[in-house]
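>
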Amino acid sequence: MVTALGYGTTGLSVGQRVFGIADWHRDGTLAQYVAIEARNLAPLPGDVDFTVVASLPISGLTAWQGLFQHGRPQAGQTVLAHGAAGAVGTMVTQLAREAGAYVIGTGRAADREKALDFGAHEFVDLENDTLKDVGSVDLVFDVIGGDVQEQSAALIKAGGTLGSVVGPAEARPADGLAIDFVVEADRAQLGEIVQRVRDGRLRTNIGHVASLDDAIGALNPTTRRRGKTIIRVLP
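Mapped onto the numbering used here, the consecutive letters of the sequence shown carry residue numbers 55 to 289.
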C-alpha cells in the first residue's frame, strides 16, 4: 500500500503517497490494504517509482541505523561491509562512502563486480581470499555471523565497532564495541534516504520482482538471489 487512507496528527493527509515499514509483530503486509501506524510512514515524492521505493525501507533503514546510530564512521575511517552485493550491503557501501569512509566489501567471487560498481573501494572474496589480510578497520557491518564474524572482530581497531544484524554478537572486539540491532521505523531517516535516491546519490539494488501469486516461491527461493525481492500486490 502506498496511499494513506486515514490520518491523525502526524502531518499525513488522506490520499497522500506514503512508504514505510509495518510493525515487526504484525502480519498482513502482502495485501491491497494494511493498517500501519502513521508514525511508521513517510511522504513519498511523486517522482519516485513504486518499485524503487518498495526496496528502500528495510534495506535503507538497516544500513542507515547500523552506520549512523551505532557505528558512526568518520571521514577517513575504514568500514568492512559484509554481503556488499546484497540489498543491505549495497546501501551500507554507498552511505559509508558518502560519509567519507574507505569501504572494503566482501562476498563471493561472483559478487565482486556488483560490490565495486556500488562503490566499494576494494573487495574480499570470502571463499578464496584471506580476510585478515585487509588489516585493521574501524567498523564492521556484519550480515553473516559465525566464523566470518569471529574473524572480523579480530580486525577492529581500539574504539571501533562490530555491528550485527544476525542476532547477538558471538564474537567481540578486544577493545571496542559489539552491537546487535533490529531495524526500527523512522520517518526522518526515510526522508533522508528517499531524498538521496531523488538526488542520484543512492541507488537501489532490486534483484527480483514477483507477482502476489508467486510470492511464496519468491520469498523462499531455491537458488541464491542477489538484491532485494519485491512483491507487486496489484497488477
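Ideal placement from N, C-alpha and C gives every residue a C-beta, glycine not left out. Keep in mind the model is a prediction, meaning the values are calculated, not measured.
Between I198 and H124, which are expected to be in contact by the criterion C-beta below 8 Å, what is the C-beta distance as a whole number of angstroms?
Translated into the one-based positions of the sequence shown, residue 198 becomes position 144. Translated into the one-based positions of the sequence shown, residue 124 becomes position 70. Between H124 and I198 the Cβ distance is about 17 Å, and since that is not below 8 Å, they are no contact.
> How long is the line joining the alpha carbons of A225 and L209, rounded to whole angstroms?
The residue labelled residue 225 in the question sits at position 171 within the sequence shown. The residue labelled residue 209 in the question sits at position 155 within the sequence shown. Cα to Cα, the separation comes out at about 11 Å.
> On a Cα-Cα basis, can you pick out the residue from N259, L244, D253 and G114 that is closest to A96?
Taking the sequence shown and counting its residues from 1, one reaches residue 96 at position 42. The shortest C-alpha separation from A96 is found at L244.
> Return the first residue and the last residue of the beta strand (DSSP E) that L193 is part of.
Sequence index remark: in the sequence shown, residue 193 carries index 139 (1-based). V191 to D196 is the extent of the beta strand (DSSP E) around L193.
> If we require 4 or more residues per run, which alpha helix (DSSP H) segments fall completely within the stretch 180-247?
Segments of the alpha helix (DSSP H) lying fully in the stretch 180-247: 200-207.
> Considering only the alpha carbon of each residue, which of E176, D201 and L231 lies closest to L193?
Stepping through the sequence shown from its first residue, residue 193 is reached at position 139. Considering only alpha carbons, the answer is L231.
> Taking contact to mean at least 3 C-beta pairs separated by less than 8 Å, is the stretch 169-176 in contact with the stretch 141-160?
Yes: at least three Cβ pairs fall under 8 Å.
> Beta-carbon within less than 6 Å of G155's beta-carbon, same chain only, minus the 5 sequence neighbours each way: which residues are those?
As a position in the sequence shown, residue 155 is number 101, starting the count at 1. Here residue 155 turns out to be Ala, not Gly, going by the sequence shown. For A155, where only same-chain residues beyond five positions count, the Cβ hits under 6 Å are P127, Q131 and V133.
> Looking at C-alpha atoms only, which residue of G114, G74 and G189 is the closest neighbour of Q205?
For this step, residue 205 is matched to residue 151 along the sequence shown. Closest option to Q205, Cα to Cα, is G189.
> DSSP three-state label for F13, please.
Since the first residue shown for the chain is 55 and the last is 289, residue 13 is missing from the structure and cannot be characterised.
> Can you have a look at A141 and say buried or exposed, based on whether 16 or more other CB atoms are within 10 angstroms of its CB?
Here residue 141 corresponds to residue number 87 of the sequence shown, with the count starting at 1. Per the 10 Å Cβ criterion, buried.
> So, with DSSP's three-state summary, where would you put I90?
Residue mapping note: residue 90 aligns to position 36 of the sequence shown, counting from 1. Residue state, collapsed to three classes: coil.
> What three-state label does DSSP hand D261 in the structure shown?
Residue 261 sits at position 207 when you count from the first residue of the sequence shown. A quick correction: the sequence has Gly, not Asp, at residue 261. G261 falls in the strand class under three-state DSSP.
> What are the boundary residues of the beta strand (DSSP E) that L95 is part of?
Reading the sequence shown from its first residue, position 41 is the one you call residue 95. Where L95 is concerned, the enclosing beta strand (DSSP E) stretches over L95 to P97.
> Would P111 be called buried (16 or more neighbouring beta carbons within 10 Å of its own) or exposed?
As a first step, residue 111 is located in the sequence shown; it is residue number 57 there, counting from the start. Flag for P111 reads buried.
> Which whole-angstrom value describes the C-beta separation of I309 and S109, a residue pair presumed to lie in contact below a C-beta threshold of 8 Å?
This structure leaves residue 309 out entirely; the chain is present only between 55 and 289.
> Name the one or two DSSP bridge partners that A135 has.
Counting from 1 along the sequence shown, the entry for residue 135 is found at position 81. Answer by DSSP bridge pairing, in chain order: G159 and F195.
> I need the straight-line Cα distance from V248 to V287, nearest angstrom please.
Here residue 248 refers to the residue found at position 194 of the sequence shown. Here residue 287 refers to the residue found at position 233 of the sequence shown. Going by the C-alpha atoms only, they are around 21 Å apart.
> Classify A138: buried if its beta carbon has 16 or more other beta carbons within 10 angstroms, exposed otherwise.
Here the question's residue 138 lines up with position 84 in the sequence shown. Burial call: buried.
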